[in-house]
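**Student:** Residue numbers (our numbering): -11 to 250. Just so you know, even glycine gets a beta-carbon here, dropped at the ideal spot from N, CA and C. Please read these numbers as outputs of a predicted model, since none were measured by experiment. So that we are looking at the same thing, I have put the structure below in structure tokens.
And the structure:
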């Protein structure tokens, strides 16, 4: 049986019941759908981390960054002192496992802090209803995609034994797939953006203000079609943070390693 080209996401867990399916596979429609799905999964990840860390406590740390300019904010986010603070909010005593959770907590804090002044969420919004028949009767999170050479399946059936952090891990993995594919469908000039930031290799603390300045000067309209300019700014922010050693995206691998070793 031939599977049609499509992208589909469904999540049925407790009061979270959302889903949709795209079969009109024009590049622009795919890009907008991927952006909506990315917003959707990122909006739910923090709630699924609450068993392994104090999510609200970490969010409250964002007040420490109020009133600072962006370069100072990034320097503080990157600092060892912030990592030590975050260590006090994760529910783990083993040093190696704690480090994995601090990596995740750092992204939660980065997103909370930067969202106050920067656009980190795509303009498409999130899924709010279940508009397609779920593929499973059980509670689950399911993502499938088939288009050209892109074939992806990310799936988790949920029962009473499923760790909430495992759901966060799957959502993070789905977001990684979406983030990787979105630029090509949106016509974002990834190579041009890489070149734009190419002067920065090993970024030290003293270099961070210049990297941030470079991001603030980024001419997004020169690197994407008009309808995806905001998406391009977010991609550039992701690249800026990557150069500094921070991330805008929850690390599925860190959660996977934590769950394997726990």
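(1) Secondary structure at residue 150, three-state DSSP: helix, strand or coil?
(2) What's the C-alpha gap between residue 136 and residue 200?
(3) So within the stretch 112 to 162, which uninterrupted beta strand (DSSP E) runs reach at least 3 residues, ignoring any that extend past its ends?
(4) Since residue 173 and residue 19 are thought to touch, with beta carbons under 8 Å apart, how far apart are those beta carbons, to the nearest angstrom?
(5) Alpha carbons only, please: which of 91, 159, 40 and 186 is nearest the one belonging to residue 80?
(6) So, are the CB atoms of residue 156 and residue 36 less than 8 Å apart?
(7) Are the beta-carbon atoms of residue -2 and residue 170 separated by less than 8 Å?
(8) What are the start and end residues of each continuous alpha helix (DSSP H) run of 4 or more residues lying completely inside the stretch 31 to 107, in chain order?
(9) Using the DSSP secondary-structure output, state which residues sit across from residue 10 in a beta bridge.
(10) To the nearest angstrom, how far is it from the Cα of residue 134 to the Cα of residue 147?
(11) Please classify residue 243 as buried or exposed, where buried requires at least 16 neighbouring CB atoms within 10 angstroms.
(12) Straight-line CA distance for residue 190 to residue 233?
(13) DSSP three-state label for residue 5, please.
(14) Measuring CB to CB, does residue 77 end up less than 8 Å from residue 51?
**Tutor:** Judging by the given coordinates:
(1) Three-state result, residue 150: coil.
(2) Spanning the two alpha carbons is a distance of roughly 37 Å.
(3) The stretch 112 to 162 contains these whole beta strand (DSSP E) runs: 128 to 135 and 138 to 145.
(4) Right, the Cβ-Cβ distance comes to about 4 Å (below 8 Å), so this counts as a contact.
(5) It is 40 whose Cα lies nearest to the Cα of residue 80.
(6) Annotated as proximal: residue 156 and residue 36, with beta-carbon spacing under 8 Å.
(7) Taking 8 Å as the Cβ cut-off, residue -2 and residue 170 do not qualify as a contacting pair.
(8) Unbroken alpha helix (DSSP H) stretches of 4 residues or longer found wholly inside the stretch 31 to 107: 43 to 48, 58 to 66, 68 to 75 and 83 to 102, given in chain order.
(9) According to DSSP, which records beta bridges pairwise, residue 10 is partnered with -5.
(10) Roughly 27 Å between the two C-alpha positions.
(11) Taking every protein chain shown into account, the CB of residue 243 has 16 or more other CB atoms within 10 angstroms, so this residue is buried.
(12) Straight-line Cα distance between these residues: approximately 9 Å.
(13) The answer is strand: DSSP assigns residue 5 an E or B state.
(14) No; because the gap between Cβ atoms is not below 8 Å, this pair is not in contact.
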